[in-house]
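See structure below.
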Amino acid sequence: MRVAIVTFPGSNCDYDCYKAINDVAGGIARFVWHRDTELGTCDAVILPGGFSYGDYLRAGAIARFSPIMDAVQRFAADGGFVLGICNGFQVLCESGMLPGALVRNRSLHFQGERVRVRVDNADTAFTRAYSPGAVLHLHIAHGQGAYVADDATLAKLEAEQRVVFRYVDEAGEPSDAGNANGSMRNIAGVINAEGNVLGLMPHPERSVEALLGSTDGLALFESLRRSVDEAVAVTDAAGRPDWEAGV
Amino acid sequence: MNDYRLEVRITPRTGLLDPQGKAIENALHSLDFGDVEDVRVGRLIRLRLAADSADAARSAAEDMCRRLLANPVTEDFDIRVDGGT
Amino acid sequence: MNDYRLEVRITPRTGLLDPQGKAIENALHSLDFGDVEDVRVGRLIRLRLAADSADAARSAAEDMCRRLLANPVTEDFDIRVDGGT
Amino acid sequence: MMEQTGTVGTASPTPRPGDPEITAELVADHGLSPDEYERIVGIMGRTPTYTELGVFSALWSEHCGYKNSRPLLRTLPTEAPWVLQGPGENAGVIDIGDGFAVAFKIESHNHPSAVEPYQGAATGVGGILRDVFTMGARPIAVLDSLRFGSLARPRVRYLFAGVVKGIGDYGNCVGIPNIGGEVWFDDAYEGNPIVNAMAIGLMRTDELIRAVAAGPGNPILAVGARTGRDGIHGATFASEELSAESEAKRPQVQVGDPFTEKLLLEASLELIRSGHIVGIQDMGAAGLASSSSEMAARAGTGVDIDVALVPTRERGMTPYEILLSESQERMLVVAKAGHVEEVKRILQKWELEAAVIGQVTEDGLYRVRENGVPVCEIPGEELVQGCPTYEREAREAAEVRRLREWSPAEEHLAPAREHPLRVLLRLLGSPNIASKRWVYNQYDSTVRTNTVLGPGGDAGVLRVRGSTKGIAATTDCNPRYVYLDPHRGAQIAVAEAARNLACVGARPRAITNNLNFGNPLKPEVYHQLREAVRGMGEACRAFDTPVVSGNVSLYNENPAGAIYPTPVIGMVGVLEDVARRVGNSLHRVGDRIVLLGRNTDELGASEYLKVVHGLVAGAPPALDLAAERTLHDAVVDMAESGLLSAAHDCSEGGLAVALAELCFGADGDGVAGIDVALDDDLEVAPLLFGEAQGRVVLGCEEAHLEAVLSVAAYRAIPAAVIGRVTDLVPLTPGRGEGPRFRLGGRGFSIDVATADLAEVHRTALPRFMDRALTEH
Ligand SMILES: Nc1ncnc2c1ncn2[C@@H]1O[C@H](COP(=O)(O)OP(=O)(O)O)[C@@H](O)[C@H]1O
Ligand SMILES: [Mg+2]
């Protein structure tokens, strides 16, 4: 699995994703600077967490105009896997690659804590290694993470099972008490209609090693690896250039 | 070209919850401003712009709002143009 | 008592650095709004208030600003009163 | 261009048009005494210009010149084989083995935070991060040590909320995890909060760089944000008492831009590793004036700078303003001659501005020009090191001596009217003891994916990638102890820090410290300062934890008087195998609970006396430095051998509070039930709530009990098996339900649902803070 991680000015989880991919998830990651206009050869793109452009104006609002975003859009349009985590999710929503928006947390505070997140669709390229309904312990670290969308969008997301993750309570239910940040319908992560672009507010890359307290994020990267392996088996046969290892 | 001062006001869409507005409202009530209602918090962006006319300035600002300054999913905007010197 | 709609505009003091305004200005420039200058970002608070007169409404709002809404150290404010129905 | 300006006359600077005349009043306004001014005239051999006066006043302020503290600081231990860099640089550095070094320092932003809590605290974090990354280290953690007045007051809640948000927003945005700290409330801090931020950085030992302006001819660059009029004379401001006038000095507020900081951080590390530069320093307190003169003084060189070349944010700034501005997120870089283009290229990539503003010279002069015309010319050595130092009159306040001699009466020893359970609940709900989750949930503590133990434990722990090691850090100071006995109180602050590190399994290595005191010209305050420094030094010697960096903040006063003397200790330790770290939550049914150390009848200076009896009185608990050291060594030995499942020290609130805290699950999830029996022949209050030092409560598997006891016996540490873990639930049950906290002894017994204790502990701060937004 060859992963391009986009570094925007102000990204600060780029390195964490890099280590999760390279050291734990058995992939090869590479950084792509936001000013670049090409992604280079890769099987997946991660838009990492952080505070691109300081979160000024709205989180992700300025980053989505970065030169690299055209290449990311093209990559996604060609069916490439794009994963947006936290600020990356915000960038995806701002750029229209995912529906909805992420607004200030209900608490009005930045929240850095471990929360419970349920896998509501384990049948996506990013979640196939989870069992359906699994409740994960993942960290959130955001001030603008409350998901909002209009009723029609919400209805469509629900109908198409595109709400992939939801915040839940101790009983595993998406109750108000279990709603970490005031997201509509407890939404923590959504996927696009084509199933190749996922955004989520929690940080799976922070939960891939037992030493740090939880490995619940690992299966996300494992899912992606499997999906990539299948896709690559097809595309490499189509004669794409080889990956320059380790670059 | 003239110099215009613009004021862009960006407010949360009606119907959307505004937890910040709510928190301010509660705080005002507890400070004995009991008669306050409907508090909504938005953003105010002031800028200077060189343009040929007030209309041109306004339409440039509208463009800025659509492309960057306001999020169409959650926010409405309106624009005031001053000056023209 | 009448019902007034008030608009409180809160802006960073002149001279104070406004990194957010600067970032937006840079972004607008790179979106080809090259003629934009002096971008400053403030807050806009809209509220409804029952008061005896427009003056009373304004003076209540000034009080709110001083006590809660505006940061006296870093922000200036001004108030517009509408209505009175 | 520089060559050209360098040849424009070397005549002494003369007053600039518009400069105010140098009068006795102007000198006093600059915080300089008549004697100091005489010394300046002696150094210069003439009347200084206004610009020169400004530069002197900044460098000779308490903040930069340490004039009231330097003689005391000289007595501190600063050396150990593992110390790579002691005090005097941007940050201290220690070697932790495996080719890694750790840089760390603490810094205060008390005065700015009192005026504007959000920006004051945010820029405090920004400054301390720059101190660490300018050493060549990548910041890996922040800690914050805070003191406020009583939360019952709206203004205090406003300050507290603003400070926490400021610290959080800044550190979160730059992406540095917060791994610990402390918050303490007392009326003594009314109007003068303490905001100390500590940063820790990691580097390979060969990446260490010093802030020197070496090599005459090397170009000097101003990098980062533009210079504006903000914060002019912040250093002098930080050296004065807060008054109605300081409110009027408001335009000095500096605004932080963590986004630019993040770019500066990446660019600086890239520059340092590129080999194109010889030195780099933050333009912090007293801005360009202090950074450029200090870098030159360290190298024994001079500098020649033209302020007209400094990128400014506002038009028409004078040399005085440019030199003294404290605009944030700026750095001074000394490049290698001929490498300016490479330096600029790296900065451009990070979208940062850079301008050559002068060069290093060999004449040792601090020379500043404006468009080639000299405006300031001061012998550099005298400017940086010539600040006179003072040993002030010291006298202990009779009132404090009297308070210390207080001894408890019957009603204090056995809280007859209040059942011990009620006392325990009151203590757990006291803001000083209650969970600080409300605070640290606003901080990102897991970014960078190295946090093994975050806030909420006895100390924060980070793993070091590429090694089995871990780094642990904590900040500590109980200012009530220091108030009642500055010497012992400071010793205890060091001891508690070391004990906290030992509890997570780390060996203490070195400290940084922040001396927050009142006006040193008051004999009572100078006495506190002198005695606290003496106690701190003794304790550091006992624990082999030299002082590698620190900060002094004096004049912390408000109309009601001085704050409690608050020497905050930031201590760093090392775990050989980070997988062997120990948390402070009991998490296995059947585990035995062991108390190391001895319970005593001491009650002085306790949180119990304050909360239950409204008393600040009595001597702080006795401290045996040698016994403490032995205890810490033993606990670390046990941890390294994998014998411990939990460890927690006894501090505020005593044994009962320590036991309760051990029963609250990590991450706020779950509770444990315990059954503990104490057979000490002591009165109830000192036994349960006394704050005797040298005590640690352990949890260990039954199978390891013998080994634990034999390590203790071998080291002659008193050890008592006092109970066991009875049950455990992973979720927090409702009121009155779930596992029980049973604690009994001679003449008392407590039996309560642990969940009830946890709820009081968890909800105390939110109850104050989530009421509503607060007034200014
Ligand atoms: N300002 C703060 N910032 C970050 N963490 C904090 C802060 N205040 C308290 N904490 C966390 O809460 C824990 C408990 O605080 P405290 O009761 O003072 O601990 P201890 O007595 O062990 O020093 C601290 O060890 C720290 O990890
Ligand atoms: Mg403590």
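Chains as they are written, first to last, in the numbering used here: chain A, 1 to 247; chain B, 248 to 332; chain C, 333 to 417; chain D, 418 to 1193. Every residue, glycine too, gets a C-beta built ideally from N, C-alpha and C. Predicted model only: the values in this text are computed from it and were never measured.
Of all Cβ atoms in chain C, is any one closer than 8 angstroms to the Cβ of G645/D?
-> yes
Residue closest to G696/D, alpha-carbon to alpha-carbon, out of V1146/D, G566/D, D674/D and G553/D | Restricting attention to V1146/D, G566/D, D674/D and G553/D, the CA atom closest to the CA of G696/D is found in G553/D.
Members of the segment 142 to 169 of chain A near chain B, C-beta cut-off 9 angstroms = A146, V148, A149, D150 and T153
Does the beta-carbon distance from R812/D to V1113/D come in below 8 angstroms?
-> no
Nearest candidate by alpha-carbon position, reference N858/D, set Q111/A, N196/A and V82/A = In this structure, Q111/A is the residue among Q111/A, N196/A and V82/A with its C-alpha nearest to the C-alpha of N858/D.
If you run the structure through DSSP and keep just helix, strand and coil, what is R240/A?
-> With a pLDDT of 43 at R240/A, under the threshold of 50, the modelled position of that residue is not reliable, and the figure given next carries that caveat. Coil at R240/A, not helix or strand.
Can the beta-carbon of T983/D be found less than 8 angstroms from the beta-carbon of I611/D?
-> For the 8 angstroms CB-CB criterion, T983/D and I611/D form a contact.
If you draw a straight line from the alpha carbon of A518/D to that of L501/D, how long is it in whole angstroms?
-> 8 angstroms
Does any C-beta atom of chain B lie closer than 8 angstroms to the C-beta of L379/C?
-> yes
Residues that C1117/D bridges to, as DSSP identifies them = R1009/D
Three-state secondary structure (DSSP) of K522/D = strand
What does L57/A reach in chain C if we use C-beta pairs closer than 8 angstroms?
-> Q352, A355, I356, A359 and V373
How many angstroms separate the CA atom of R293/B from the CA atom of V340/C?
-> Taking the straight line joining both Cα atoms gives about 14 angstroms.
Can you tell me whether DSSP reads N936/D as helix, strand or coil?
-> coil
Expressed to the nearest angstrom, what Euclidean distance is found between the alpha-carbon atoms of F75/A and D586/D?
-> 33 angstroms
For T215/A versus E209/A, is the C-beta distance shorter than 8 angstroms?
-> Yes. Within cutoff.
If you run the structure through DSSP and keep just helix, strand and coil, what is R667/D?
-> Any reading at R667/D must be qualified, since the residue scores a pLDDT of 40, below 50, and its modelled position is unreliable; the value itself is stated next. R667/D falls in the helix class under three-state DSSP.
Using 8 angstroms as the limit for Cβ to Cβ distance, is R399/C near chain B?
-> yes
V881/D to S862/D span [Cα, whole Å] | 16 angstroms
Cβ-based burial, N930/D [other Cβ within 10 Å; buried from 16] | buried
Answer with yes or no whether the minimum CB distance from D1187/D to chain C is below 8 angstroms.
-> no
Quick one: what's A382/C bridged to in DSSP?
-> D335/C
Is it right to say G347/C is buried, meaning 16 or more other beta carbons lie within 10 angstroms of its own, or is it exposed?
-> exposed
Beta-carbon proximity list for D1144/D, same chain, < 7 angstroms, skipping 5 on both sides | V1006, G1090 and P1156
Do N22/A and G50/A have their C-beta atoms closer together than 8 angstroms?
-> In this structure, G50/A does not lie closer than 8 angstroms to N22/A by Cβ.
Minimum Cβ-Cβ distance from P675/D to chain A less than 8 angstroms = yes
Sequence ranges, alpha helix (DSSP H) only - wholly within the segment 432 to 456 of chain D, length at least 4 | 441 to 446
What's the gap between the Cα of E799/D and the Cα of Y737/D?
-> Near 19 angstroms, if we compare the C-alpha coordinates of Y737/D and E799/D.
Can you tell me whether DSSP reads P636/D as helix, strand or coil?
-> Secondary structure of P636/D (DSSP, three-state): strand.
Interface residues of chain A around S362/C at Cβ under 8 angstroms?
-> F65
For F1185/D versus N849/D, is the C-beta distance shorter than 8 angstroms?
-> no
Residues near S685/D in its chain [Cβ-Cβ closer than 7 angstroms; skip 5 each side] = So the qualifying residues of the chain are F550, T551, I697 and M748.
If contact means a Cβ-Cβ distance below 8 angstroms, which residues of the segment 34 to 56 of chain A contact chain C?
-> Y53, G54 and Y56
Can you list the residues of chain A that N973/D reaches, using a CB-CB cut of under 8 angstroms?
-> In chain order: nothing, as chain A lies at least about 28 angstroms away.
Go ahead and pull the three-state DSSP assignment for H829/D.
-> helix
Kindly indicate the opening and closing residues of the beta strand (DSSP E) around Q73/A.
-> Where Q73/A is concerned, there is no enclosing beta strand (DSSP E), although the alpha helix (DSSP H) it sits in stretches over I68 to A77.
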